[in-house]
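In UniProt numbering, the protein residues as written are 1 to 170.
We treat Cβ as the ideally placed atom computed from N, Cα and C, and that holds for glycine.
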Amino acid sequence: MSVLLILVLVTLGLLAAGAMGVRRLRPWPVAVRGGIAAMFTATGVSHFVGMRGTLIDMVPPALPAPELLVTVTGVLELAGVVGLLWHRTAPWAAGGLSLLLVAMFPANVYAAQSGLLTAWDDQLWPRTAQQVIFLAATLAVVVHAVRSRRREAQPLPADADPSPAHTGPR
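The following block contains the structure:
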């Protein structure tokens, strides 16, 4: 639940900063990227500090080398954070993090069914809803980038003047 709060609070904080005049934070995808980056920073670091043992226990027994899998997914999460912070790589990073969320979902199911986590976190439906929210956030960044690139690639109509300074006949 705390990582969901990180995503929501950081995103809202960045949106507020954008509304108060911080130009770079005005576009909503930038705020969402910041929220996702903060969330994955927290989860990525937890692969190495604090929750490492719990995360290793969450790896389903059918998968080999749980310690290595936790290390690799932690590195991938932190690499995704770095990619989110640069606008040119953000869609690719968000796409990679989306795939990672899907790939790691079986560990969440296993943890919920095994009672490895406490209270709210060990319930499958809230955990699934939380994963859906995370996936929606990462995919929103990807979809926005794809739509933006398509708009930029569309040719101007034949009668349109591409120069913004042109205001009438010459």
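Within 10 Å of its beta-carbon, does V82 have 16 or more other beta-carbons around it, so buried, or fewer, so exposed? By 1-based counting over the sequence shown, the position of residue 82 is 82. Exposed is the label assigned to V82, since fewer than 16 other Cβ atoms lie within 10 Å of its Cβ.
Sequence-distant residues of the same chain with beta carbon closer than 6 Å to A145, five excluded per side: Your numbering for residue 145 matches position 145 in the sequence shown. Within the same chain, and ignoring the five residues on either side of A145 in sequence, the residues whose Cβ sits closer than 6 Å to its Cβ are P91.
Which residues in the same chain have their Cβ closer than 7 Å to the Cβ of M58, if we skip the five residues on either side of it in sequence? Your numbering for residue 58 matches position 58 in the sequence shown. Within the same chain, M58 has close Cβ partners A107, Y110, A111, L116.
Distance between G34 and L14 (C-alpha atoms, nearest Å): As a working mapping, residue 14 is identified with position 14 in the sequence shown. As a working mapping, residue 34 is identified with position 34 in the sequence shown. L14 and G34: Cα-Cα distance of roughly 7 Å.
Relative to the C-alpha of Q131, which candidate in A103, L69, T11, L68 has its C-alpha closest? Taking the sequence shown and counting its residues from 1, the one referred to as residue 131 is at position 131. Ranked by Cα distance from Q131, the first of A103, L69, T11, L68 is A103.
Mapping DSSP to helix, strand and coil, what is R170? In the sequence shown, residue 170 corresponds to position 170, counting from 1. With a pLDDT of 46 at R170, under the threshold of 50, the modelled position of that residue is not reliable, and the figure given next carries that caveat. Annotated three-state conformation of R170 is coil, per DSSP.
Whole-Å CB distance - I6 paired with A42, under 8 Å assumed: Walking along the sequence shown from the start, residue 6 turns up at place 6. Walking along the sequence shown from the start, residue 42 turns up at place 42. Contact between I6 and A42 holds, since their C-beta atoms are separated by about 6 Å, short of 8 Å.
Enumerate in chain order the residues of its own chain whose CB-to-CB distance from A62 is below 8 Å, with the five nearest sequence positions on each side excluded. Start at 1 with the first residue of the sequence shown, and residue 62 comes out as number 62. Within the same chain, A62 has no close Cβ partners at all.
By DSSP, does F40 sit in helix, in strand, or in coil? On the sequence shown, residue 40 is found 40 positions in, with the first residue counted as 1. It is helical.
Of the residues A129, F105, F40, G53, the one placed nearest A93, counting alpha carbons only: Stepping through the sequence shown from its first residue, residue 93 is reached at position 93. Cα-wise, what sits closest to A93 is F40.
So, helix, strand or coil for A65, using DSSP? As a working note, residue 65 is residue 65 in the sequence shown. If DSSP states are grouped into helix, strand and coil, A65 belongs with coil.
Express the C-alpha separation of E67 and G21 in angstroms, rounding to a whole number. Counted from its first residue, the sequence shown places residue 21 at position 21. Counted from its first residue, the sequence shown places residue 67 at position 67. Roughly 45 Å between the two C-alpha positions.
Could you tell me the alpha carbon to alpha carbon distance between residue 172 and G18, rounded to whole angstroms? A query on residue 172 cannot be resolved here, the shown segment of the chain reaching from 1 to 170 and no further.
Here's the rule I'm using: 16 or more other beta-carbon atoms within 10 Å means buried, otherwise exposed. How should V142 be labelled? Numbered from 1 along the sequence shown, position 142 holds the residue referred to as residue 142. Its Cβ being crowded by 16 or more others within 10 Å, V142 is buried.
Looking at the unbroken alpha helix (DSSP H) that takes in G18, where does it start and where does it end? Taking the sequence shown and counting its residues from 1, the one referred to as residue 18 is at position 18. Following the DSSP letters along the chain, one finds G18 inside the alpha helix (DSSP H) bounded by residues 2-19.
Quick one: Cα of G168 to Cα of E152, how far? Here residue 168 is taken as the residue at index 168 of the sequence shown, counted from 1. Here residue 152 is taken as the residue at index 152 of the sequence shown, counted from 1. Bear in mind that a pLDDT of 49 at G168, under 50, signals an unreliable position, so the number given afterwards is only what the model happens to contain. Using only the alpha carbons, I get a separation of about 24 Å.
F105 and V3 closer than 9 Å at C-beta: Indexing the sequence shown from 1 puts residue 105 at position 105. Indexing the sequence shown from 1 puts residue 3 at position 3. In this structure, F105 keeps its C-beta atom at 9 Å or more from the C-beta atom of V3.
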